[in-house]
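Enquirer:
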Amino acid sequence: MKLGVNIDHIAVLREARKINDPDPIQALGVAKLAGADQITIHLREDRRHINDFDAKRVVELSPLPVNIECSIDEEIIEIISSLKPHRATLVPEKREEVTTEGGLDVIEKFDKIEQAIQKLHKNEIDVSLFIDPNFEIISACAEAGADMVELHTGEYANIYAMLYSNLPHTPHSIKELELSRKELREKLFQSLSELENSALYGSRAGLLIAAGHGLNYQNVTTIATLPNIVELNIGQSIIARSVWVGFEQAVREMKVLIDEACYSG
Ligand code: PXP
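In this note's numbering, the protein residues as written are 43 to 307.
(1) So does residue 159 have its beta carbon nearer than 7 Å to some heavy atom of the ligand PXP?
(2) If you check the beta carbons only, do residue 192 and residue 170 fall under 8 Å apart?
(3) Between residue 173 and residue 194, how many whole angstroms is the CB-CB distance? I'm expecting something under 8 Å.
(4) So is the beta-carbon of residue 148 under 7 Å away from any non-hydrogen atom of the ligand PXP?
(5) What did DSSP end up calling residue 125 once you bin it into helix, strand or coil?
(6) Can you check which of these residues, 147, 273, 123 and 145, is closest to residue 158 by C-alpha distance?
(7) Is the beta carbon of residue 192 within less than 7 Å of some heavy atom of the ligand PXP?
(8) Cβ of residue 84 within 7 Å of any heavy atom in the ligand PXP?
(9) Under 7 Å from any heavy atom of the ligand PXP, does the C-beta of residue 50 make it?
(10) At 3 residues or longer, and completely inside the segment 165-251: list those beta strand (DSSP E) runs for me, N to C.
(11) Quick one: Cα of residue 260 to Cα of residue 95, how far?
(12) If contacts are defined as beta-carbon pairs under 8 Å, then residue 143 and residue 90 qualify, I think. What distance do you get, rounded to the angstrom?
(13) Suppose contacts are defined by Cβ-Cβ distances below 8 Å. Is residue 200 in contact with residue 216 by that definition?
(14) Give the DSSP bridge partners of residue 110, in chain order.
(15) By the three-class DSSP mapping on this structure, what secondary structure does residue 135 have?
(16) Give the DSSP-derived three-state secondary structure of residue 145 in the structure shown.
(17) Does the segment 248-266 come close enough to the segment 211-229 to have 3 or more Cβ pairs within less than 8 Å?
(18) Give every residue of the same chain whose Cβ lies closer than 7 Å to the Cβ of residue 114, excluding the five residues on either side of it in the sequence, and list them in chain order.
(19) Just verifying my parser: in three-state terms, what is the DSSP assignment at residue 101?
(20) If you measure from the CB of residue 172, is any heavy atom of the ligand PXP nearer than 7 Å?
(21) One question on the structure: do residue 251 and residue 45 come within less than 8 Å of each other, judged by their Cβ atoms?
(22) Between residue 149 and residue 127, how many whole angstroms is the CB-CB distance? I'm expecting something under 8 Å.
(23) Taking three-plus beta-carbon pairs below 8 Å as touching, is the segment 286-306 in contact with the segment 66-84?
(24) How many whole angstroms separate the CB atoms of residue 254 and residue 280, which I take to be in contact at a CB cut-off of 8 Å?
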């Protein structure tokens, strides 16, 4: 299973001071050395972390394939088409959100998404769609001509954190998940089943299947053992761990966890 390392949070740290350090470009070679298979960045409409200057340099200098997450806004699709990364992952974007909070509504926005896919394909860019695990949406992705889907693991990660970490005892406890442990266990099982069934359904529809969002050193193993998933994109937890052990070691540890899960799964 491939590991895409999302380096946005290096730019988040830089933007905290609006200077030129740390530079996400320095992560490119180190990520490869540590066993990453792909570099992922998100060029957000508000440019809150990665900016156009970063995106251009990442595509030019990365020794690994580059996956750029972006919205379906026409101006952004134009920019990505001229940058020509290996892949674009289309995601929903709301300016006020902290991070990408849900999957793309491929049914409601079908025409716009289909047009974006065609434009990106014309520019030799593979297209993945970031979606919630749902059969109807997966069918629409295949119909729209996507090459891949990335299943949103955010809900799984939230339930996992409320069950198995100290999150409920912190100010960032997730109110709608303040439930009994039994209810949380049932929800976790249901969320995993949806991811597993969607991965099978999507691969039968001819799509490659990735997963990501909220994955960390505790919750990644279960996801990495699910059949049909070929790639995980992981960012915040790797950059957070880098504070303690350094970026190279943090990527290496994540890659080992994924590899071990795949061999034993
Ligand atoms: N995949 C997609 C499509 C995303 O939007 C993000 C967040 O930018 C990630 C993966 C990485 O999520 P996290 O930082 O929680 O690991």
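C-beta atoms are modelled at their ideal positions from N, C-alpha and C, and glycine is treated no differently.
Expert: Per the coordinate set shown:
(1) For the ligand PXP, not one heavy atom lies less than 7 Å from the Cβ of residue 159.
(2) In this structure, residue 192 places its C-beta atom within 8 Å of the C-beta atom of residue 170.
(3) The C-beta distance from residue 173 to residue 194 rounds to 7 Å, short enough to fall under 8 Å.
(4) No, the ligand PXP has no heavy atom inside 7 Å of this Cβ.
(5) If DSSP states are grouped into helix, strand and coil, residue 125 belongs with the helices.
(6) With distances taken between CA atoms, residue 158 lies nearest to 123 out of 147, 273, 123 and 145.
(7) Yes, since a heavy atom of the ligand PXP falls inside the 7 Å radius drawn around the Cβ of residue 192.
(8) Under cutoff, so the answer is yes.
(9) True, at least one ligand heavy atom lies under 7 Å from that Cβ.
(10) Listed in chain order, they are 168-173 and 190-194.
(11) Residue 260 and residue 95: Cα-Cα distance of roughly 34 Å.
(12) With 8 Å as the limit, residue 143 and residue 90 do not qualify as a contact, their Cβ atoms being about 15 Å apart.
(13) Between residue 200 and residue 216, the CB-CB gap stays under 8 Å.
(14) Note: residue 110 sits in a beta bridge opposite 83 and 130.
(15) In the three-state reduction of the DSSP assignment, residue 135 falls in the coil class, being assigned neither a helical nor a strand state.
(16) If DSSP states are grouped into helix, strand and coil, residue 145 belongs with coil.
(17) Contact annotation: the segment 248-266 does not touch the segment 211-229, with fewer than three C-beta pairs closer than 8 Å.
(18) Same-chain partners within the cutoff: 132, 151, 154, 155 and 158.
(19) In the structure shown, residue 101 falls within a helical segment according to DSSP collapsed to helix, strand and coil.
(20) For the ligand PXP, at least one heavy atom lies less than 7 Å from the Cβ of residue 172.
(21) Here residue 251 is not near residue 45, since their CB atoms are 8 Å or more apart.
(22) Separation of the CB atoms of residue 149 and residue 127 is rounded to 26 Å, and the pair is thereby denied contact status at 8 Å.
(23) By the Cβ test, the segment 286-306 is in contact with the segment 66-84, since at least three Cβ pairs between them sit closer than 8 Å.
(24) Residue 254 to residue 280, Cβ: 12 Å. No contact.
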